[in-house]
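Visitor: One gets this note's numbering by counting positions in the sequence shown from 1 and adding 45 to each. Pasting a structure here, questions to come.
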Amino acid sequence: MLIPEGILLNGIEMFILVFVRMTGLFVVSPIFGRRNIPVYLKVGFALTSSLLLMNAVKMNPVDFGGNLYSYTLIIFKEFIVGIILGYIANVIFDAILMAGQMIDMQVGFGMVNVLDPISNIQIPISANFYYMISMMVLMASNGHHIIMKGLFESYKFIPAGKTAFNSILMHDVLASFSKMFLIGFKISAPVIAAVLVTDIALGIISKSIPQLNVFAVGMPAKIILGILVMVITIPAFIYLVGFMVGELDNEMLKVIKDMVFQK
46 MLIPEGILLN GIEMFILVFV RMTGLFVVSP IFGRRNIPVY LKVGFALTSS LLLMNAVKMN
106 PVDFGGNLYS YTLIIFKEFI VGIILGYIAN VIFDAILMAG QMIDMQVGFG MVNVLDPISN
166 IQIPISANFY YMISMMVLMA SNGHHIIMKG LFESYKFIPA GKTAFNSILM HDVLASFSKM
226 FLIGFKISAP VIAAVLVTDI ALGIISKSIP QLNVFAVGMP AKIILGILVM VITIPAFIYL
286 VGFMVGELDN EMLKVIKDMV FQK
């Protein structure tokens, strides 16, 4: 069996660092990190991608002084880099899950959750519906290519062992976290607004006609209205997800530049 030339030139220690960063990305990324993908398939794909990366990108050897503790610290940093990149790519889907939770609480599906075999957690019905659509949009928009491209591009700015974690990086990561709430609110806003108007109308009706059982009428009305608004706003939702996937490249590049080591 022939050893790839990239490993011979850069050394096995460099290959381990590349593999660790790749593994960190696969842990939390929206596609590669799913639990329904067999572990051996993930490991094999990570190894193959690392071999391709070793031969496609020029890398300078890492000087860790022959110290095992220094090398272990570098491995930990490389894993964190992959985790951060995967987190940025996964913000969109976290926002969608949060939007589905808010919609279900307003419509009346708050107590109805389904077990998602992919993530192995219970998620709201609306969130599951939006999530499946967003995954199809991600694949159709080549979002998985953007994620892998971001990892490959990261070595042009932050070579192995040259990662810097600073306050600017923390600020941008927290900004992405706050952006998740903003996106989730934008997705759920039409349904929440429609249900709010319905609640106001039912409140007026209950005051005008006390004999009417508003609770018996209101719950089915809110469910029907919520589903109707969700169906009507699907084109806008697809456009929003497509736009966010298109901006994913810039978001990942911004975070990568934050981790550039400054001498």
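For each residue, glycine too, the CB sits at the ideal point set by N, CA and C.
#1: Quick check: what's the CA-CA separation for Gly51 versus Ala144?
#2: Report the residue ranges of all beta strand (DSSP E) runs contained in full by the segment 133 to 217; include only those spanning at least 3 residues, in chain order.
#3: Quick one: give me the first and last residue of the alpha helix (DSSP H) that Thr278 is part of.
#4: Thr208 and Lys122: beta carbons closer than 8 Å?
#5: Return the CA-CA distance between Leu54 and Leu183, expressed in angstroms with no decimal places.
#6: What does a CB cutoff of less than 6 Å around Val286 pick up in its chain, not counting 5 residues either side in sequence?
#7: Give me the Cα-Cα distance between Val305 and Phe202, rounded to the nearest whole angstrom.
#8: Report buried or exposed for Met215, applying the criterion of at least 16 other Cβ atoms within 10 angstroms of its Cβ.
#9: Kindly list the residues whose CB is nearer than 7 Å to the CB of Lys299, restricted to its own chain and excluding five residues on each side of it in sequence; keep chain order.
#10: Can you give me the start and stop residues for the alpha helix (DSSP H) that Lys87 sits inside?
#11: If you check the beta carbons only, do Gly131 and Gly69 fall under 8 Å apart?
#12: Quick check on the burial criterion: 16 or more other C-beta atoms within 10 angstroms. Buried or exposed for Val240?
#13: Measuring straight from C-alpha to C-alpha, what distance separates Met46 and Leu92?
#14: Within this structure, are the beta carbons of Met297 and Ile133 separated by less than 8 Å?
#15: Hey, Met67 and Leu196: beta-carbon distance below 8 Å or not?
#16: Secondary structure at Val107, three-state DSSP: helix, strand or coil?
#17: So Pro235 and Val274 are supposed to be a Cβ contact under 8 Å. How far apart are they, rounded?
#18: With distance defined between alpha-carbon atoms, name the residue in Lys103, Asn135, Ser115 and Asn258 nearest to Ser221.
#19: Determine the burial state of Leu62: buried for a count of at least 16 other Cβ atoms within 10 Å of its Cβ, exposed for fewer.
#20: Note down the Cα distance separating Leu142 from Met225, rounded to an integer number of angstroms.
#21: In terms of alpha-carbon separation, which member of Tyr176, Phe210, Ser115 and Ala246 lies closest to Ala266?
#22: Provide the residue(s) that pair with Val305 in DSSP beta bridges, ordered along the chain.
Guide: Here's the rundown:
#1: Here residue 51 refers to the residue found at position 6 of the sequence shown. Here residue 144 refers to the residue found at position 99 of the sequence shown. Here Gly51 scores only 48 on pLDDT, less than 50, and its place in the model is too uncertain to base an answer on.
#2: 158 to 161 and 166 to 169
#3: For the purposes of this step, residue 278 is identified with residue 233 of the sequence shown, where counting begins at 1. Run containing Thr278: none; DSSP gives neither H nor E here.
#4: Translated into the one-based positions of the sequence shown, residue 208 becomes position 163. Translated into the one-based positions of the sequence shown, residue 122 becomes position 77. Yes, the pair counts as a contact, with Cβ atoms nearer than the cut-off.
#5: The residue given as residue 54 occupies position 9 in the sequence shown. The residue given as residue 183 occupies position 138 in the sequence shown. Note that Leu54 has pLDDT 49, beneath the 50 cutoff, so the model's placement of it is unreliable and the number below is only indicative. For Leu54 and Leu183, the distance between alpha carbons rounds to 36 Å.
#6: Locating residue 286 in the sequence shown gives position 241, where the first residue counts as 1. Same-chain partners within the cutoff: Ser179 and Val182.
#7: Walking along the sequence shown from the start, residue 305 turns up at place 260. Walking along the sequence shown from the start, residue 202 turns up at place 157. So the alpha carbons of these two residues sit roughly 6 Å apart.
#8: Translated into the one-based positions of the sequence shown, residue 215 becomes position 170. With fewer than 16 Cβ atoms within 10 Å of its Cβ, Met215 is classed as exposed.
#9: On the sequence shown, position 254 is the one that residue 299 refers to. If we look at Lys299 and ignore the five residues flanking it on each side, its Cβ neighbours are Asp217.
#10: Here residue 87 refers to the residue found at position 42 when the sequence shown is read from its first residue. Its alpha helix (DSSP H) spans residues Val84 to Ala101.
#11: Translated into the one-based positions of the sequence shown, residue 131 becomes position 86. Translated into the one-based positions of the sequence shown, residue 69 becomes position 24. Taking 8 Å as the Cβ cut-off, Gly131 and Gly69 qualify as a contacting pair.
#12: For this step, residue 240 is matched to residue 195 along the sequence shown. The residue is buried, with at least 16 neighbouring Cβ atoms inside 10 Å.
#13: To locate residue 46, count along the sequence shown from 1; it is residue 1. To locate residue 92, count along the sequence shown from 1; it is residue 47. Confidence at Met46 is low in this model, with a pLDDT of 40, below 50, so its placement is unreliable and no value can be given for it.
#14: Against the sequence shown, residue 297 aligns to sequence position 252. Against the sequence shown, residue 133 aligns to sequence position 88. Result yes, Cβ atoms of Met297 and Ile133 sit closer than 8 Å.
#15: The count along the sequence shown starts at 1 and reaches residue 67 at position 22. The count along the sequence shown starts at 1 and reaches residue 196 at position 151. Result yes, Cβ atoms of Met67 and Leu196 sit closer than 8 Å.
#16: By one-based count along the sequence shown, residue 107 stands at place 62. If DSSP states are grouped into helix, strand and coil, Val107 belongs with coil.
#17: Translated into the one-based positions of the sequence shown, residue 235 becomes position 190. Translated into the one-based positions of the sequence shown, residue 274 becomes position 229. Sure, about 5 Å apart at Cβ, within 8 Å.
#18: On the sequence shown, position 176 is the one that residue 221 refers to. It is Asn135 whose Cα lies nearest to the Cα of Ser221.
#19: Position 17 of the sequence shown, counted from the first residue, corresponds to residue 62. Buried: at least 16 other Cβ atoms inside 10 Å.
#20: Translated into positions along the sequence shown, residue 142 becomes position 97. Translated into positions along the sequence shown, residue 225 becomes position 180. Their Cα atoms are separated by approximately 10 Å.
#21: Here residue 266 refers to the residue found at position 221 when the sequence shown is read from its first residue. Considering only alpha carbons, the answer is Ala246.
#22: Reading the sequence shown from its first residue, position 260 is the one you call residue 305. Answer is Thr208, bridged to Val305.
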